[in-house]
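The structure under discussion appears below in the form of structure tokens.
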Amino acid sequence: MGFIKKFKDLLEANLNDLLNKAEDPEKMLNLYIEKATEELKDFNVQVNRAVADELLLKQKMEAAEKEITSWMTQAKVAIQQNRDDLAKIALDRKQTAEKTLEDLKIQLTEQQTAVAELRENYRLLDEKLSKARAEKDALIMRQRRAQAMKQAGEAVKEVASSSALGDFDRMKDKVARMEAEARATSLSLNNTVEDEFENLKKEAQKQSVEDELARMKAELSKKD
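With UniProt numbering applied, the sequence shown corresponds to residues 1 to 224, in that order.
Take a look at the structure:
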């Protein structure tokens, strides 16, 4: 039963350990299930051979029973013909066949026990393999999710720490400064225009004063 122990050890291996140790976990798990499947097929061949041996024993038992019947018939014929010598030979052969039949019965009982045990072991191993297949699929999906999350995290980390992101921030600052300068320029321009209009008003006022002074002087001169 060394094969059964080997197969059970294989199926009872820690699949999580396989994931941790393998460079390609998915490939490793598929190979693991493939190997277990092939070994279960080989085990099924052994079960079938055991069943075939059981059938062969039954055939030998039927042959032994027929031989016993045949020698018994021949012994009766010999006795009827007063051939005790031949009757003894026939009875001796019959007893040998009976002993063979008893041995075959013992072998058949042992073989039937072995076949039943092999079939039960095959059923248990097949269940373990089915469970391992389901666990394999779940582990592969978990491994894929973990790998995708890890790659996404590394990508975010790389982008966050990259010089490109720093350049982007600096460009934002530059644009903000340009906008501030534009607003300052516009404000400065508006102030300059207002100042010019104010100067024009002041000049106009000065001229008005000069004109009024000239009129007053002219009026005073006429009175004199």
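C-beta atoms are modelled at their ideal positions from N, C-alpha and C, and glycine is treated no differently.
Residue range of the alpha helix (DSSP H) that residue i falls in?
| i | result |
| --- | --- |
| R49 | P25 to Q80 |
Quick check: is any heavy atom of the ligand FAD less than 6 Å from the C-beta of residue i?
| i | result |
| --- | --- |
| K88 | The ligand FAD is not among the ligands present in this structure, which contains no ligands whatsoever. |
Starting from the Cα of residue i, find the closest Cα among the options and give me that residue.
| i | options | result |
| --- | --- | --- |
| T100 | R49, E65 and A146 | E65 |
| I106 | M61, E154 and E120 | M61 |
| Q111 | R145, A50 and L129 | A50 |
| D126 | L40, S221 and L31 | L40 |
| E120 | D42, D24, S221 and V47 | V47 |
| K42 | Y122, Q80, L86 and I79 | Note that residue 42 corresponds to Asp in the displayed sequence, not to Lys. Minimum Cα distance to D42 is reached at Y122. |
| A63 | V45, E154 and E102 | E102 |
Would you grab the beta carbon distance between residue i and residue j for me? Rounded to a whole angstrom, and I think it's under 8 Å.
| i | j | result |
| --- | --- | --- |
| L104 | L57 | 6 Å |
| L108 | E38 | Actually they do not touch by this definition, with Cβ atoms about 31 Å apart. |
| A134 | A36 | So it is not a contact: roughly 13 Å between Cβ atoms. |
| E26 | I140 | 5 Å |
| A75 | L91 | 5 Å |
| K136 | L29 | 5 Å |
Subject >> Cβ pair count under 8 Å reaching 3, the region 61-76 against the region 91-102 >> reply: Three or more beta-carbon pairs separated by less than 8 Å link the region 61-76 to the region 91-102, which places the two stretches in contact.
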